[in-house]
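All remarks here apply to the structure that follows.
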Amino acid sequence: MNEPAAVMLSVHDITWRYSSRHSPILKNLSFSLPQGALCMILGANGAGKSTLLKLLAEKLSCQQGLVSRGGDIAFVPQRTTVSLAVSVYETVLVGRSAHVGLLRAPNHQDCRICEEALCRVGLQHMASREFSSLSGGEQQLVLMAQALASEARIILLDEVTAAMDWRNQAIILRLLQDLARQDYTISFITHSPQHALDFATHCLLMFPEGDSLFGSPSKIITDETMSRLYRLPVRCTVIEDRWVVVPQFIQKQGVSIP
């Protein structure tokens, strides 16, 4: 009998608010992610998705509740600003800082790991390019390579596909799926429920006023939950044997947006 996978991220009863004058954006939130999980986080703008990710990455302190981590974490932000003229390769090499430390230069192994990370995101041909010269989507791929170079087994990503074309989205999503199969634990913010249905093992829906729902994407992504989440009529339907989420952007006569 196979033993259950180790829990790598555990959130217990987290409540968080911007100030005492504000209502909680996270309210009594609890969930656990096992080794090998690929969890998509969905929610409207301002629902607290980025705040949650920063709590998981220890970039914010918990006000109430507890976050437990079963390994090192790599955090890929939604956007980054680099003021120095550094190359793509040097940006990826920053991911090795915890291994290199202050007293030694990167060795052959560090260089090999960075080169392999760039290959995994398909940017090995851009290694010498200046990071700031890349498009937003290409920069996100470089930051993903930096996370891989860190060798952290937990990877948190904040809307990294937002500035990507479909091809680069496919590169990232397939890579994340492959990493989960290699027992990485991944949590990924997206505005595409389709990403969750097609790739995720787990899904967290973050509703307004701090409410949430956690579970299998196929079980919790429904017409009702998606319409509530995005405050817009949404249909989940089958097209050519594939579940597809269809937002009703075009307003029908007599049907208003809440």
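In numbering that gives the first Met the number 0, the protein residues as written are 0 to 257.
The C-beta atom is built at its ideal place from N, Cα and C for all residues, glycine as well.
Just to confirm my understanding: we take residue i, look at its own chain, exclude 5 residues before and 5 after, and list those with CB closer than 7 Å. What are they?
i	result
A56	I72, F74 and L155
Q265	A question about residue 265 goes unanswered here, because the residues of the chain that appear run from 0 up to 257.
D182	Q34 and G35
V99	P105 and D109
Spatial neighbours of residue i within its chain, please: C-beta separation below 8 Å, excluding the five flanking residues on both sides.
i	result
T236	W242, V243 and V245
A84	E129 and S131
M7	L32, P33, Q34, A36, R68, G69, G70, R152, I153 and T184
D164	G136
With a Cβ-Cβ cutoff of 8 Å, do residue i and residue j count as a contact?
i	j	result
L92	C113	yes
I87	V141	Checking the displayed sequence, the identity of residue 87 turns out to be Val instead of Ile. Contact: yes.
I188	I40	yes
T200	A169	no
A144	A162	no
L231	L204	no
F248	F30	no
S215	C38	no
So which of the options has the shortest CA-CA distance to residue i?
i	options	result
S22	D222, L122 and A46	A46
E137	A151, N167, P105 and L231	N167
I272	G35, C61, S211 and L122	No information on residue 272 is available, as it lies outside the stretch 0 to 257 that the chain covers here.
K218	C202, S211, T80 and S19	C202
A4	E129, S18, N27 and G69	G69
K58	V120, V6 and D157	D157
I238	R227, Q193 and E223	Q193
A43	D240, R234 and T224	T224
M125	E89, D197, N27 and A36	E89
L32	T184, P105 and G94	T184
A97	A151, S9, P207 and Q139	A151
S191	N106, R103 and I220	I220
V120	Q139, L37, P105 and R103	Q139
Q34	E208, S9 and V81	S9
S226	F206, M7 and L122	F206
R111	L28, V99, A148 and V233	A148
L196	D240, R20 and A104	D240
N27	A104, R234, N106 and S211	S211
Excluding the 5 residues preceding and the 5 following residue i in the sequence, name in chain order all residues of the same chain whose CB lies nearer than 6 Å to its CB.
i	result
R78	none
R128	V87
A146	A73, V75 and I154
R16	P23
F198	L172 and Q176
Q123	L117
H11	S29, G64 and L65
R234	D222 and V245
Inside the stretch 76 to 118 only - alpha helix (DSSP H) runs reaching at least 4 residues: Here the runs fully enclosed are 87 to 92 and 96 to 99.
The stretch 132 to 139 / the stretch 43 to 63 touching (three or more Cβ pairs under 8 Å): The stretch 132 to 139 vs the stretch 43 to 63: no contact.
Contact the stretch 166 to 174 vs the stretch 59 to 66: 3+ CB pairs below 8 Å: In this structure the stretch 166 to 174 does not touch the stretch 59 to 66; the number of beta carbon pairs closer than 8 Å is below three.
3 or more residues per run - each beta strand (DSSP E) lying fully within the stretch 127 to 188: Qualifying beta strand (DSSP E) stretches, in chain order: 153 to 157 and 184 to 188.
Minimum length 3: unbroken beta strand (DSSP E) runs contained in the stretch 184 to 249: Taking only runs of at least 3 residues, the beta strand (DSSP E) segments lying wholly in the stretch 184 to 249 are 184 to 188, 201 to 205, 211 to 214, 233 to 238 and 241 to 246.
Length-filtered (3 minimum) beta strand (DSSP E) runs lying within the stretch 0 to 48: Whole beta strand (DSSP E) segments, 3+ residues: 6 to 15, 25 to 33 and 37 to 42.
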